[in-house]
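> Residue numbers 28 to 848, in the numbering used here, belong to the letters of the first sequence in order.
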Amino acid sequence: MLEKEYYPQQIEKKWFDIWEKQNPYKTPNDSDKPKFYALSMLPYPSGKLHMGHVRNYTITDVIARFKRAQGYNVLHPMGWDSFGLPAENAAIQHNANPQKWTLDNIAYMKKQLKMLGLSIDWDREVTTCLPDYYKWTQWLFLQLYKKGLAYKKTAPVNWCEKCATVLANEQVIDGKCWRCDSEVTKKNLSQWFFKITQYSEELLEDLKLLEGWGDNVKTMQQNWIGKSSGAILKFKVKELDGLEIPVYTTRPDTAFGITYLVVAPEYKDIEKLTTAENKASVEEYRANAKKLSEIERLSTERIKTGVPLGTHIINPFTGRVCPIWVADYALVDYGTGAVMAVPYHDERDFDFAKKFNLPMVQVITGENFAEGKCYTEKGTLINSDKFNGLNFEQAKKAITQYAVDNGFGEFKTQYRLRDWLISRQRYWGAPIPIVYCPNCGEVALDEKDLPVLLPTDVDFSVTGKSPIETSPTFRYTTCPKCGGKAVRDMDTMDTFVCSSWYYMRYTDSKNDKECFNRDIINKWLPVDQYVGGIEHAILHLLYSRFFTKALRDCKLLDFDEPFKNLLTQGMVLKDGSKMSKSKGNTVDPDDIYKNFGADTARLFILSDSPPARDFDWTDAGVEGCYKFILRVYRLYSKFQDKINLNPSFDPKTLSKRDDNFLREAHISIKKITNDIEAEFQFNTVISRYREFTNAIYEYIKDENNINYDVLSFALLTLLKLISPVCVFMAEEIYSELGAKTSIHNTPWPKYDENLAKSSMITLIVQVNGKIKDKIEASQGLSKDELEALAKASAKVIEATKDKTIVKTIVVVDKLVNIVVK
RNA sequence: GCCCUGGUGGUGGAAUCGGUAGACACGUCGGACUUAAAAUCCGAUGAGGCUAAUAACUUCGUGCCAGUUCAAGUCUGGCCCAGGGCACCA
């Protein structure tokens, strides 16, 4: 029997061409089968695929193929998150056209994806930078606008000098720009926001529904939303009749310990609160605060600074007259922008009071209390008049209630989440469909006038302003309300707006009448399995959840959460460290295709680590997988003429040897099916491929003792089990065996529970928990029989002589433990 | 500081319910085939002790210290370390 060699490059090219013609994974919206929506996070077309993409899309593809084989109508689409700064920067640097740059990249990467053998319905592809998509992004903006969820306001916003644009809070990482890593400053600008804070409570509460999400992602979102409960307390200003300063606190129980008050440098009433003699120093302090970068200002290590305003408040609980200070440790955009200071029980206040010699009053005591040290634990009240002796919970409630009853307070729940700033002062994005009319003011465009097309007559060489502003034609338009002259909003939308709804568009991507169809989207969504990187734990995933809830409230769809199950895959490393262009340790998928084939890449990227963990790419590992593929192929080519596509045999009449071999097949189906279904443990799935393959090689060693029907069954089973991973090789072998259909259209094999079980077991015999013997025994023996068997063991007799048997534990079909003294 | 995730051989990792720790690989070593090499195939491989050596036997071993149990990688309590997230959020 001659063995043929396998040449993956040629074989993969052959099937690539066939699949290219057929689009074999075209998915109907109408089907009797149950639906399954498998989704990968859509790529940004930066130029070439990287290994992170390969890992992400291979995982999703294997899931999609597995579910398809199990009889689901599987939606597995792909698209391009194609607006964004890199295209614009390429335009600025090489004088390229951003659209051409982007579409060229898409064409290249699309080919790379197809070469990877992904089972995608390419007819549903979406490209967010094309008018047939961004028309609907603009349309959705208008729906949010009508619903009051999109609004414009002037506020201090995050500004990245290098990118020359504003950023959302979620895009500022440690005070730096998420994209270019340069320091972010604050600027006061009039900008568009989405009112995500309206959904703070629901976004937090519904995390509980997301059982298919990892705790890490849920906790990150929970922390980001940052719910706290406390009270607003209002303080009268002694010197200014009628003026009150409200503060937010989570510790109303410490109200008797207030000795001063702090307002943020940007606090709205600060000028009124400053006395004439303090004016100069306060002005100077505020000017300095403005100059500080966010990083400097928010550093917890920084020594506290501040100056007194000269005015005072009266603590309504104690009657104490307390000075008001300005200090930048109070933040203008959290709570009320003012803080009540209780130095004895808050570390920041404590540091500040120490530095400026402000008085401290102890009002809480409890375990670990130490005189003269800041005590922040929740203890028992003292020095608090009628509230003395109460614990934290009681005091919090009683003191707030007292403030409510006396008209100077209220219960308050506070969130850290801020509204989503979506305007960008850049060209390559979806224009905001709003115009400004001298007569009518801010006017939303009519839906029939969409899309607002990006102008092409722009000059990318300008600095200091958005290139879009250089268009001579874009700015001026007519007011849809009065027909008079009007100017457009010159900003574009954050690309995260585009990516907050792309998975909805896939359901009906060619629809030019609607953004998506309500019936169709209700059928497909929520996404059954979403796969992507952890870096979107807050940004994209939170925004998409918000979009879903907002569009539900706009009556466009009828579900509450977009992604039922989420798999966040780990990073791809090279020899233990992060792949990066600067380190020069990247691996180019094209090289892997060329040298080993896409099947090897797919097999390897799934083989060594579970999907959620980081994966270490090594050259030795790739070669190991390549060899395995060749080894599998050899097996089939060796028996090509003997393999029966419809093997038939009676399992009851098989020889012991054949029966044991058949069991390997059933065990493999069981284990692989379970490992995919439970947690997508592809690394153990692949281990089982190898074990099964080894078992087949073991079986065929004795060439004169082969039952070819059983062997055919085993080989066909292995082929199907391996087909979601090694898609080209499986198809090639199947067709070489003479099959007329694609292996990818055949059903997933079923295992027989009885055939997966052995009639024999290995009984573990322990004495005092230490293994003394292993005995082959038939399965299903009674406890007494097992105990007798164990006690008959020579090794057990040896180990128990001169000792008393205290008791014997028998676990059926597994183990006997004899306890002796 | 708070929260999440993880810690198992030289390496990646495996181990439904507490029941044979180290599956499957990579690497290393040895052997077969070959003029030779590659490829392929076969075997060994947690650390130590005993032994002339092998087999047999035996001790230790899943970050650390306790505990529960006939039995702990797995359960409980307390720590340590690494990675990630949040953080002058009152």
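Glycine included, every Cβ here is placed at the ideal spot set by N, Cα and C.
(1) If you follow the beta strand (DSSP E) that glutamate 803 is part of, which residue opens it and which one closes it?
(2) What's the C-alpha gap between lysine 841 and threonine 789?
(3) What did DSSP end up calling lysine 922 once you bin it into helix, strand or coil?
(4) For asparagine 710, which residues of its own chain have a beta-carbon under 8 Å away from its beta-carbon, when the five flanking residues on both sides are left out?
(5) Does methionine 247 come out as helix, strand or coil in the three-state DSSP assignment?
(6) Would you mind stating whether arginine 690 and alanine 783 have Cβ atoms separated by less than 8 Å?
(7) Quick one: residues in its chain with C-beta nearer than 6 Å to the C-beta of tyrosine 172, no 5 flanking neighbours on either side, listed in chain order?
(8) So what's alanine 258 in DSSP terms, helix, strand or just coil?
(9) Give the C-beta separation of glutamate 39 and glycine 648 to the nearest angstrom, bearing in mind that I take them to be a contact with Cβ-Cβ under 8 Å.
(10) Tell whether a beta-carbon distance below 8 Å holds between asparagine 781 and aspartate 736.
(11) With DSSP as the reference, label aspartate 495 as helix, strand or coil.
(12) Between the C-alpha atoms of valine 101 and arginine 206, what's the straight-line distance to the nearest angstrom?
(13) Suppose you measure from the CA of leucine 29 to the CA of proline 616; what does that come to, to the nearest Å?
(14) With a threshold of 7 Å on Cβ separation, who are the neighbours of alanine 118 within its own chain once the five nearest residues in sequence on each side are excluded?
(15) Where isoleucine 696 and valine 752 are concerned, what is the direct C-alpha to C-alpha distance, given to the nearest angstrom?
(16) If you drop the 5 nearest sequence neighbours on each side, which residues of the same chain put their C-beta closer than 7 Å to that of histidine 693?
(17) In terms of alpha-carbon separation, which member of Asn116, Ala96, Thr155 and Asp360 lies closest to alanine 291?
(18) On the criterion of 16 or more Cβ atoms from any shown chain inside 10 Å, does phenylalanine 396 qualify as buried, or is it exposed?
(19) What's the C-alpha gap between isoleucine 845 and leucine 808?
(20) Please state whether DSSP places methionine 28 in a helix, a strand or coil.
(21) Roughly how many angstroms separate the alpha carbons of proline 279 and alanine 430, rounded to a whole number?
(22) Could you name each continuous beta strand (DSSP E) segment of 3 residues or more that falls completely within the stretch 616-679, going from the start of the chain to the end?
(23) Do the CB positions of threonine 831 and lysine 848 come within less than 8 Å of each other?
(24) Does the Cβ of serine 805 have 16 or more other Cβ atoms within 10 Å, making it buried, or fewer, making it exposed?
(25) Exposed or buried, cysteine 190, counting other C-beta atoms within 10 Å across all chains shown (16 or more means buried)?
(26) For isoleucine 200, does the count of other Cβ atoms within 10 angstroms reach 16, so buried, or fall short, so exposed?
(27) Cα separation between leucine 66 and valine 554?
(28) If you draw a straight line from the C-alpha of threonine 246 to the C-alpha of phenylalanine 438, how long is it?
(29) Look at alanine 357 and alanine 365 and say whether their C-beta atoms are less than 8 Å apart.
(30) Hey, how far is the Cα of threonine 863 from the Cα of leucine 216?
(31) Methionine 257 and threonine 301: beta carbons closer than 8 Å?
(32) Please report how far the alpha carbon of proline 51 lies from the alpha carbon of valine 614, in whole angstroms.
(33) Excluding the five sequence neighbours on either side, which residues of its own chain have a C-beta within less than 7 Å of the C-beta of tyrosine 570, listed in chain order?
(34) State the Cα-Cα distance for the pair threonine 277 and glutamate 271, rounded to the nearest angstrom.
(35) Using CA atoms only, rank isn't needed, just tell me which of Gly436, Thr483, Phe414 and Ser762 is closest to tyrosine 660.
(36) Is it the case that the Cβ atoms of isoleucine 760 and tyrosine 663 are separated by a distance below 8 Å?
Let me spell this out:
(1) 797-805
(2) 7 Å
(3) Absent from the model: residue 922. The displayed extent of the chain is 28 to 848, so no value can be given.
(4) Leu633, Ser634, Asp635, Ser636 and Pro637
(5) helix
(6) yes
(7) Ala471
(8) strand
(9) About 20 Å separates the two Cβ atoms, so there is no contact after all.
(10) no
(11) Looking at the sequence provided, one finds isoleucine at residue 495 rather than aspartate. In this structure, isoleucine 495 counts as helix in the three-state DSSP scheme.
(12) 35 Å
(13) Confidence is the limiting factor: at leucine 29 the pLDDT is only 45, short of 50, which leaves the residue's position unreliable and the question unanswerable from this model.
(14) Asn124, Pro125, Trp128 and Phe487
(15) 15 Å
(16) Tyr778, Asp779, Leu782 and Ala783
(17) Asp360
(18) exposed
(19) 18 Å
(20) Low confidence applies to methionine 28: its pLDDT is 39, below 50, so where it sits in the model is not reliable enough to give any reading.
(21) 10 Å
(22) 642-644
(23) yes
(24) exposed
(25) buried
(26) exposed
(27) 7 Å
(28) 25 Å
(29) yes
(30) Any property of residue 863 remains undetermined from this structure, which presents the chain solely from 28 to 848.
(31) Here residue 257 turns out to be glycine, not methionine, going by the sequence shown. Not closer than 8 Å, so no.
(32) 30 Å
(33) Trp447, Phe523 and Ser527
(34) 19 Å
(35) Ser762
(36) yes
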